[in-house]
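Following: one structure in structure tokens, then a few remarks.
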Amino acid sequence: MAFSERLSALDASFLEIEEPGSHMHVGAVLVLDAVPLRDSEGRLAFDRIAAMVEARIHDFPRYRQRIARIPVEDHPAWVDDPDWNLQYHLRHTSLPKPGDLRQLKRLAGRIMSQQLDRGKPLWEMWIVEGLEGDRFAVIAKVHHCMIDGVSGVDLIAALLRPTPDSPVEVAPE
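For what it's worth, the numbering used here labels the leading residue of the sequence shown as 1, then goes sequentially.
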């Protein structure tokens, strides 16, 4: 198994100290205007969002890699996940009416309370429809061994477009 890079001692420690009731992932909740992303029938265009994420994720190879334990070695390594599938990581749900911030916070709490699957790249992104005021939310969850504050901001900046009607790039083959 070829690996691309070993985890640093600090990043490996985030994996080692994680326990079932004490997760080491970080999260973000963004509340956005849904109007620019509505399809012709008025629904949130989730497939457009998925295409946008897929077109940009190649700029962040760590999001397509998982952790591998290397026998006799001290720190795990990042390896490309041959079974990587965006549909596993990018999830779609909806809040019930009235879709207020209290409901969104409860959903975010439930999502953040679940440990990430160590057999897959250590991130999830949830697209949440149904917020009042014609809004939707993005709940992002990424293990701390993958990102720090700067790299997390870089990913969010790459995913957010400067204008809502920008065309979606095609992911490289």
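All C-beta atoms in this analysis are idealised placements derived from N, C-alpha and C, irrespective of residue type, glycine included.
- Between Arg135 and Ala34, the gap from beta carbon to beta carbon is short of 7 Å.
- One Cα belongs to Arg48, the other to Ile127, and the distance between them is close to 12 Å.
- Where His75 is concerned, there is no enclosing alpha helix (DSSP H), because DSSP gives it neither an H nor an E.
- Per DSSP, the beta bridge partners of Gln65 are Asp80.
- Residue environment analysis places Ala137 among the buried positions, since at least 16 neighbouring C-beta atoms fall within 10 angstroms of its C-beta.
- For the set Arg69, Ser4, Glu16, the Cα lying nearest the Cα of His25 is the one of Glu16.
- Taken atom to atom, the span from the alpha-carbon of Asp39 to that of Ser94 is near 16 Å.
- When secondary structure is reduced to three states using DSSP, Ile127 falls in the strand class.
- Counting the other CB atoms within 10 Å of its CB gives Val72 a total below 16, which places it among the exposed residues.
- Contact annotation, Gln115 with Pro20: C-beta distance approximately 7 Å; criterion of less than 8 Å satisfied.
- In this structure, DSSP gives Arg48 a helical state, which the three-state scheme calls helix.
- Taking each of Met112, Pro121, Asp148, Leu155 in turn and checking the Cα distance to Lys141, the smallest one comes out for Met112.
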